[in-house]
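Take any residue in the sequence shown, count from 1 to its spot, add 253: that is its number in our numbering. Contents: one structure, followed by commentary.
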Amino acid sequence: MPSVVLIGTLDTKGEEYAWLRNRLVELGSDVIVVDAGVGPHDFLADVTGEQVAEAAGHDVRALRERGDRGAAVAAMGEGAAAVLAGLHADGRVDAVLALGGSGGSSIAARAVRDLPIGLPKLIVSTMAAGDVSPYVGAKDVTLTYSVVDIAGINRVSRAILGNAAAAAAGMGQAYRLARAARTAGEPDRPMIGASMFGVTTPAVDAARERLAELGYEVLVFHATGSGGRALEGLAASGMLAGVLDLTTTELADDLVGGVLSAGSERLTAAGAHGVPQVVAPGALDMVNFGPRDTVPAAFADRLLYVHNPTVTLMRTTPDEMRELGRRVAAKLRAATGPTALFVPRQGVSALDAPGAAFADPKADAACFEAMQEGLRGSPVAVEELDLHINDPAFGRAMADRLHDMITGGAT
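Quick look at the structure:
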């Protein structure tokens with residue numbers, strides 16, 4: 254039977270967790286209850302609040318007496334994460350289910366953050382109707398809005414919590430069966446992480462097809478901020494054999510203030526962990542905003558392109574492209590593993606082609622020259638191809654170079 258871990262603050266949500274535990278047992282799950290609360294209660298937990306606090310190097314009584322709710326939430330989140338890591342290492346986690354308000358949701362989000370992608374993680378939260386990025390991050394967390402506050406079992410909460418229990422039980426069973434099949438089956442193909450945008454899709458498709466021919470499984474990440482963060486997280490996890498970072502557009506949003514930034518750490522994880530990587534300046538010609546009327550007034554005179562009713566793109570200037578080139582070079586220069594930069598001389602996106610809306614050879618040249626200058630004297634290989642980025646030959650060349658790096662045929 255699947256093992257479902259319940260994580261929550263039993264001092265404030267004991268009634269609800271008792272109901273969830275009973276429902277999961279009825280559904281055929283083995284249930285492990287982890288108490289992440291610091292207050293006293295009569296609910297029987299498999300892992301007590303004292304043990305959770307100790308897992309993070311704290312004393313639950315001291316946390317309680319201190320009276321600092323924020324500090325307690327942070328400490329218990331870290332402790333719950335450590336407890337979950339131990340249970341997962343022992344093969345005792347097939348799904349995780351939690352419920353709560355802002356505090357309980359924060360604890361649960363931290364607790365599941367380090368679990369592998371694919372392992373079911375469900376949170377029923379009063380916060381799920383707003384900005385959920387603090388709770389989801391770059392992981393596959395499933396959030397359900399509680400509709401009513403989590404304060405007792407009633408007609409509405411019974412239906413919502415019942416659905417969550419059924420989801421956790423079903424997903425846990427599916428995960429357990431899939432894990433058994435993987436163990437009994439053939440070894441998985443080595444995985445490659447690739448970055449893609451709509452305006453670089455042909456290039457990534459060509460690279461992906463070539464890598465599949467070479468025996469790899471390719472995971473494609475949409476360069477929308479969260480996609481870039483997810484790619485960085487996987488590169489740091491040790492799960493990837495290599496990274497084909499063809500679409501680095503999120504760096505432009507980080508520089509200029511667009512809505513799809515992946516943060517300042519974008520394009521660093523593969524290099525820091527020695528993962529072979531091939532990189533291109535894909536879609537650095539654009540900064541992303543929402544609907545046309547949401548573009549900041551400061552950019553009113555800039556070259557804008559309405560991609561669709563919800564996405565407006567802004568062309569990067571020569572100065573911005575030059576700075577992006579410097580940033581790309583600095584990040585690649587710091588890499589500890591095999592790294593190559595591929596430069597598409599005929600344009601970096603579908604909009605940056607001869608006659609297209611963002612065609613600007615001078616801006617592109619400023620970026621290319623800054624990258625080359627920043628990498629001069631470094632071990633990073635620079636490949637200039639007189640091709641547009643979406644020419645199939647460009648994507649295939651990147652794929653072949655990455656394969657050579659992984660297999661030892663090139664550095």
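Don't be surprised by glycine CBs; every beta carbon is placed ideally from N, CA and C. None of the values given here were measured: they were computed from a predicted structure.
Once DSSP output is grouped into helix, strand and coil, what is the label at residue i?
i: F552; result: helix
i: D653; result: helix
i: L467; result: coil
i: K615; result: helix
i: V257; result: strand
i: D347; result: coil
i: F474; result: strand
i: G330; result: helix
i: H560; result: strand
i: D644; result: coil
i: V278; result: helix
i: V457; result: helix
i: I659; result: helix
Whole angstroms are fine: how far does the CA of residue j sit from the CA of residue i?
i: D538; j: P443; result: 32 Å
i: R276; j: I285; result: 13 Å
i: D243; j: D605; result: Given that the chain is displayed from residue 254 to residue 664, the structure contains no residue 243 and the question cannot be resolved.
i: T563; j: L557; result: 13 Å
i: G486; j: V389; result: 13 Å
i: L340; j: A364; result: 12 Å
i: E573; j: D617; result: 10 Å
i: G661; j: S358; result: 45 Å
i: G481; j: S448; result: 7 Å
i: G423; j: L375; result: 12 Å
i: A525; j: A587; result: 7 Å
i: P373; j: D288; result: 19 Å
i: A421; j: V394; result: 12 Å
i: A229; j: T501; result: The chain is shown only over 254 to 664; residue 229 falls outside these bounds and no answer can be derived.
i: V349; j: G578; result: 43 Å
i: M380; j: F552; result: 33 Å
i: A315; j: S386; result: 31 Å
i: G323; j: L368; result: 23 Å
i: E268; j: A404; result: 9 Å
i: D283; j: A515; result: 38 Å
i: H641; j: R598; result: 6 Å
i: S490; j: V531; result: 18 Å
i: A536; j: A465; result: 24 Å
i: F474; j: L297; result: 42 Å
i: P666; j: D644; result: Past the edges of the chain, shown from 254 to 664, lies residue 666, and the structure says nothing about it.
i: G302; j: A328; result: 11 Å
i: M658; j: R555; result: 41 Å
i: Y270; j: I406; result: 10 Å
i: E576; j: V313; result: 49 Å
i: G292; j: I360; result: 15 Å
i: R317; j: H311; result: 11 Å
i: L520; j: M624; result: 14 Å
i: S378; j: T589; result: 41 Å
i: V278; j: G356; result: 26 Å
i: L493; j: P591; result: 14 Å
i: S479; j: D498; result: 15 Å
i: H656; j: E470; result: 12 Å
i: L484; j: D639; result: 28 Å
When you compare each of the options to residue i by their alpha carbons, which one comes out closest?
i: G600; options: G630, E637 and R461; result: E637
i: G383; options: E622, R366 and G354; result: G354
i: D546; options: L566, R366, E518 and V532; result: L566
i: T569; options: A588, S282 and V509; result: V509
i: S399; options: P387, L352 and D393; result: L352
i: L628; options: K584, A619, D644 and D312; result: K584
i: G344; options: F296, E622 and A433; result: A433
i: L263; options: R274, D657 and S256; result: R274
i: L280; options: G478, R408, A333 and N416; result: N416
i: R429; options: G320, G543, D347 and D554; result: D347
i: S602; options: P632, T592, A533 and Q625; result: A533
i: A391; options: R366, A523, G630 and I260; result: R366
i: A333; options: D441, L259, A609 and A523; result: L259
i: V305; options: G290, A431 and H294; result: G290
i: D299; options: A652, F542, V452 and V257; result: V257
i: P632; options: A609, L655 and A593; result: A593
i: V496; options: A522, G451 and I370; result: A522
i: A652; options: I445, P544, E518 and V528; result: I445
Between residue i and chain B, is the shortest Cβ-Cβ distance under 7 Å, so that the two count as touching?
i: V305; result: Protein chains in the displayed structure number just one, and chain B is not present.
Checklist entry - Does the count of Cβ pairs from the segment 453-463 and the segment 640-648 closer than 8 Å reach three? => result Enough Cβ pairs lie closer than 8 Å, so yes.
Next on the checklist: Can you confirm whether the segment 607-625 touches the segment 460-468 when touching is taken to mean that 3 or more C-beta pairs between the two stretches lie within less than 8 Å?
Outcome noted: Too few Cβ pairs lie closer than 8 Å, so no.
Next on the checklist: Give the list of continuous alpha helix (DSSP H) stretches no shorter than 4 residues that lie fully inside the segment 381-430.
Outcome noted: Taken in chain order, the unbroken stretches of alpha helix (DSSP H) that lie wholly in the segment 381-430 and span 4 residues or more are 386-389.
Item to check | Inside the segment 282-316 only - beta strand (DSSP E) runs reaching at least 3 residues | outcome: Segments of the beta strand (DSSP E) lying fully in the segment 282-316: 283-288.
Checklist entry - In the segment 562-607, which residue ranges form an unbroken beta strand (DSSP E) of at least 3 residues, counting only runs that do not cross its ends? => result Unbroken beta strand (DSSP E) runs of no fewer than 3 residues, entirely contained in the segment 562-607, are found at 564-568 and 592-597, following chain order.
Next on the checklist: I'd like the ranges of any alpha helix (DSSP H) spanning at least 4 consecutive residues and lying wholly in the segment 500-552.
Outcome noted: Counting only runs of 4 or more, we get 503-509 and 522-525.
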